[in-house]
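> Dropping a structure here in structure tokens format, bear with me for questions.
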Amino acid sequence: MPQVIGERILNHSREKVFACAIGIETYPQFLSYIQSVDILSRTEDCIAARFHIGVGKLTFSYNCEIHMEENTLTRVTTDEEIFSAFKAACRYEELADGRCKIIYALDCKFASRTLEMLARAVLPFNTKVTINAFEKRLNQMDL
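In our numbering, the protein residues as written are 11 to 153.
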């Protein structure tokens, strides 16, 4: 089961980082492996969406719910059969100097042995690439 746990300090306010994180409809603009996102429903504390993922010939889609505590926490859940287990969360902590510390955890297991082996190989690296892409996106939002 691939598991990624970490933290990172970003040079942006907690509110801005949180807004970027829940702006999932923009993900395809800066995350190359996300082909598209369909918003199924949105409330004040939950977004239901379908993510369409694609890297080369590997493509798949899954529905998920993003549960939110404003500017504090996002938790992602899914009961899609592509995963035999899935837990993801990110906490957003405001730092005294206007920066934000994110503390993230992803723990998932793909039902397919092939996808599971691939995920074990690429997930830790892909997480770093994703956070770097978010940081670049946050910097572009400053312009």
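All C-beta atoms, glycine included, are put in the ideal place defined by N, C-alpha and C.
Out of Y114, A95, T140, state which residue places its alpha-carbon closest to the alpha-carbon of F120.
Cα-wise, what sits closest to F120 is A95.
> Does E80 come out as helix, strand or coil in the three-state DSSP assignment?
Of the three classes helix, strand and coil, the one that applies to E80 here is coil, per DSSP.
> Looking at the ligand FAD, does it come within less than 7 Å of I76, judged from the CB to the closest heavy atom?
The ligand FAD is not among the ligands present in this structure, which contains no ligands whatsoever.
> Going by the DSSP bridge assignment, what does H62 pair with across the sheet?
S46, S71
> For V27, collect the residues of the same chain with a Cβ closer than 7 Å to its Cβ; drop the 5 residues on either side in sequence, then sort them by chain order.
L20, Y102, C110, I112, L148
> Sort out for me which residues DSSP pairs K111 with in a bridge.
I19, E103
> Report buried or exposed for I49, applying the criterion of at least 16 other Cβ atoms within 10 angstroms of its Cβ.
exposed
> Could you tell me which of N142, E80, I44, K97 sits nearest to E17, measuring between CA atoms?
N142
> Tell me the DSSP secondary structure of A95 in three-state form.
strand
> Terminal residues of the continuous alpha helix (DSSP H) containing L125?
It spans 123-151 - the alpha helix (DSSP H) in which L125 sits, taken as one unbroken run.
> What's the gap between the Cα of Y43 and the Cα of I63?
6 Å
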